[in-house]
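Okay, so here's the structure we're looking at.
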Amino acid sequence: MTSAILTGLLVGIAFGFALQRGRFCMNSAFRDIVTMKDYTLLKTVALALLVSMLGFGIMAMTNIITPNPKAIIWGGNIIGSFIFGIGMVLAGGCASGITYRVGEGMVGAMTAVLGLTLAAIATAMGFLKPVKTALQAVKVPAEGSSLTVASILNLDYATVAIGGAIILGLIWWFFARKNKGGEVFDAHKDASLTDKIFKYGWSWFPTGVVIGLIGIVAFPLSAAAGRNYPLGITSGWLKIGQMFMPSVPFADSLKWDMWLIVGIVVGAAIAALIAKEFKVRMPPGRMLVQTFIGGALMGFGAVCSTGCNIGHILSGVPQLSIGSLIAGTSIVLGAWLAAYLMFVRPMAKE
Amino acid sequence: MTEEIKATKTLDVCGEICPYPDVKSMATLKKMEKGEVLEILLDYPLSVERLPRNAAKWGHKVLAVEQLEGPNHRILVEAFGLK
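As you go down the protein sequences, you meet chains X and W in turn. Mind the numbering: the first sequence is residues 3 to 352 in our numbering, read in order. Mind the numbering: the second sequence is residues 3 to 85 in our numbering, read in order.
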């Protein structure tokens with residue numbers, strides 16, 4: 003119990019610190035490709051996935067962890083995650099993005115988190131529960147078993163994860179070497195190392211490595227606290243929301259994933275305060291409505307799909323879960339549709 | 003140090019959420035004549051780094067990225083003339 007508080011909080015603080023310093027956000031990663039042809043954050047996400055995959059593989063091989071890939075839930079993974087993807091563009095951040103920005107003082111992120119929490123509760127146990135039940139009705143294969151890339155290939159998880167991470171890494175390195183792009187604009191090229199860590203934003207490479215490593219550390223620590231899964235966001239906010247519900251025993255909320263969320267907000271606030279980037283930022287009023295609705299779509303989608311972008315993409319894809327790969331694809335497609343309608347089309351018209 | 007640069011236009015996107023600081027700035031730059039200077043006031047850390055990178059990619063010239071106070075920044079960009 004005490005260790006769950008301690009490890010959940012510490013992993014959360016490290017995660018929040020890294021998210022804030024690296025400006026890590028999957029919403030930007032996927033959306034920026036279509037809105038501004040910017041691939042920086044996408045590279046960060048890809049690198050974090052490879053690092054986690056390698057680490058999970060090694061830990062599975064040495065029996066430090068037992069992989070726990072999510073089962074396929076067709077309706078949830080396809081429709082729920084697609085709605086999640088639309089929601090995150092409206093909210094101006096993915097689940098982890100809006101969480102760390104709460105610690106930065108962004109009011110728009112706070113309303114998004116509020117929408118996410120309320121909708122997650124409504125979907126898990128409230129008036130939207132029948133919709134969730136309907137979406138989760140079709141399960142292939144049967145509940146409890148979960149298909150992975152490794153199980154399809156009839157191979158051991160560790161082999162595929164380690165081998166896959168190394169092969170994909172080498173392919174990436176080969177192509178990156180072949181097409182070395184032009185000079186990247188860097189305003190702080192000559193800054194000291196301390197300034198580069200605490201004052202200015204991290205570049206994509208260290209961010210990807212650090213986020214991937216935090217995922218690796220999170221897995222066994224979370225498992226030791228009785229929750230055999232690496233990082234996740236939505237379930238923690240759901241538990242925070244349930245603290246205010248008399249029908250749910252308070253102790254049920256005091257779990258590892260809840261402390262993780264508290265840690266992320268604290269860690270991001272620490273990082274932002276040191277960098278002097280903390281500021282209560284109030285967007286125009288209609289934006290608060292937009293981010294609230296976006297957050298609500300995310301909360302609904304994540305509960306239906308049993309995971310947000312962190313649970314499915316950052317934690318699920320490195321475990322090679324087919325359900326997470328489907329959910330991840332749907333999140334990206336939903337984000338692209340929303341980004342096209344909200345930004346690409348209006349800009350082309352002007 | 004960049005006091006002497008005279009901005010043709012000022013765009014204040016403080017408080018805006020992701021990605022509006024970038025989207026609004028790029029849309030404004032697109033409509034400006036070659037050589038005109040846009041002054042952008044913003045406080046969103048991700049955009050402070052992403053905006054100069056993408057403005058340069060589209061051919062605009064980033065004249066300055068100045069930190070004012072805390073997360074508040076002032077970015078000066080000379081339009082490439084995409085009109």
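Glycine is no exception: its CB is placed at the ideal position from the N, C-alpha and C atoms.
Go ahead and pull the three-state DSSP assignment for residue i.
i, result
"valine 36/X", "helix"
"glutamine 138/X", "coil"
"isoleucine 333/X", "helix"
"serine 194/X", "coil"
"serine 54/X", "helix"
"valine 15/W", "coil"
"serine 353/X", "Absent from the model: residue 353/X. The displayed extent of chain X is 3 to 352, so no value can be given."
"leucine 44/W", "strand"
"threonine 10/W", "coil"
"valine 250/X", "coil"
"threonine 68/X", "coil"
"threonine 308/X", "coil"
Terminal residues of the continuous beta strand (DSSP E) containing residue i?
i, result
"valine 79/W", "75-80"
So is residue i buried or exposed if we call it buried at 16+ other beta carbons inside 10 Å?
i, result
"isoleucine 15/X", "buried"
"arginine 25/X", "buried"
"threonine 64/X", "exposed"
"asparagine 156/X", "exposed"
"leucine 343/X", "exposed"
"proline 348/X", "exposed"
"leucine 43/X", "buried"
"alanine 358/X", "Here chain X has residues from 3 to 352 only, and residue 358/X is not among them."
"glycine 146/X", "For glycine 146/X, the predicted structure reports a pLDDT of 49, less than 50, and the residue's modelled location is therefore unreliable. The matter cannot be settled from this model."
"isoleucine 266/X", "buried"
"methionine 245/X", "exposed"
"glycine 37/W", "exposed"
"phenylalanine 294/X", "buried"
"lysine 72/X", "buried"
"serine 5/X", "exposed"
"lysine 39/X", "exposed"
Closer than 8 angstroms by C-beta to residue i: which residues in its own chain qualify, once you throw out the five before and the five after it? Chain order, please.
i, result
"histidine 62/W", "Leu31, Val79, Glu80, Ala81, Phe82"
"valine 109/X", "Val282, Arg283, Met284, Pro285, Leu290"
"glycine 17/W", "Asp45"
Which residues in the same chain as residue i place their Cβ atom closer than 7 angstroms to its Cβ, once the five residues preceding and following it in sequence are excluded?
i, result
"isoleucine 7/X", "Trp261"
"tyrosine 102/X", "Gly18, Leu21, Gln22, Ile266, Ala270"
Cutting at 6 angstroms between CB atoms, please list the residues of its own chain near residue i, excluding the five before and the five after it.
i, result
"asparagine 70/X", "Asn230, Tyr231"
"isoleucine 66/X", "Pro222"
"serine 307/X", "Gly78, Asn79, Gly82, Ser83, Ala329"
"alanine 298/X", "Gly117, Ala121"
"tryptophan 338/X", "Val36"
"alanine 50/X", "Gly210, Ile213, Gly214"
"phenylalanine 19/X", "Gly269, Ala273"
"serine 326/X", "Lys72, His314, Gly318, Val319"
Could you give the residue range of the alpha helix (DSSP H) that holds residue i?
i, result
"valine 282/X", "Per DSSP, valine 282/X belongs to no alpha helix (DSSP H) and is neither H nor E."
"glutamate 106/X", "97-106"
"alanine 66/W", "No alpha helix (DSSP H) holds alanine 66/W; the beta strand (DSSP E) holding it covers 63-69."
"glycine 24/X", "4-24"
"tyrosine 342/X", "No alpha helix (DSSP H) holds tyrosine 342/X; DSSP gives it neither H nor E."
"leucine 256/X", "Leucine 256/X -> no alpha helix (DSSP H), and no H or E assigned at all."
"aspartate 158/X", "Here aspartate 158/X belongs to no alpha helix (DSSP H), and DSSP marks it neither H nor E."
"tyrosine 22/W", "22-32"
"phenylalanine 84/X", "83-93"
I want to verify the contact list: residues of chain B whose CB lies under 9 angstroms from the CB of residue i, in sequence order.
i, result
"threonine 209/X", "Considering every chain present, this structure includes no chain B. Its protein chains are X and W."
**Message:** Taking 8 angstroms as the cut-off, does the segment 51-61 of chain X touch the segment 131-138 of chain X (at least 3 CB pairs, one atom from each stretch)?
**Reply:** Segments in contact, no.
**Message:** Measuring CB atoms only, is the segment 247-255 of chain X touching the segment 20-37 of chain X, in the sense that at least three cross pairs come out at less than 8 angstroms?
**Reply:** no
**Request:** Examine the Cβ distances between the segment 71-85 of chain X and the segment 318-331 of chain X and report whether three or more of them are shorter than 8 angstroms.
**Result:** yes
**Prompt:** Is the segment 113-121 of chain X touching the segment 293-303 of chain X, taking contact as three or more C-beta pairs under 8 angstroms?
**Reply:** Segment contact: the segment 113-121 of chain X against the segment 293-303 of chain X, three or more CB-CB distances shorter than 8 angstroms; contact assigned.
**Message:** Does the segment 4-20 of chain X come into contact with the segment 251-270 of chain X, if we say contact requires no fewer than three beta-carbon pairs (one atom in each stretch) closer than 8 angstroms?
**Reply:** yes
**Touch test, the segment 6-16 of chain W against the segment 334-349 of chain X, Cβ-Cβ under 8 angstroms, three pairs minimum** = no
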